[in-house]
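Quick look at the structure:
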């Protein structure tokens, strides 16, 4: 399935309607930092969101859900039944990890 990616500093966002009916937003960003012995290091990370909506999901089933990934690891999910974002990793559950 195709996906779209952005480099850090790119403007706008991209999305597409995937073959499974869900849409995907994807971005790739660069993080600069100093490594051992003062060498400048470039780290690339990928951020992706997958959204799926259904017109008639059935009783007790969500009509919309979203899953967020950083470097291929799920870090959050949301559905229209619970109506809240749920953290899925320890680093995002930590106090102060995300601005309220």
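Residue numbers (full-length UniProt numbering): 1 to 100. Just so you know, even glycine gets a beta-carbon here, dropped at the ideal spot from N, CA and C.
- In the DSSP secondary-structure assignment, residue 95 is not bridged to any residue.
- Residue burial annotation: residue 58 is exposed, with fewer than 16 other C-beta atoms found within 10 angstroms of its C-beta.
- Going by DSSP, residue 54 is part of no beta strand (DSSP E) at all; its letter is neither H nor E.
- Checking the DSSP bridge columns, you'll see residue 87 partnered with 76.
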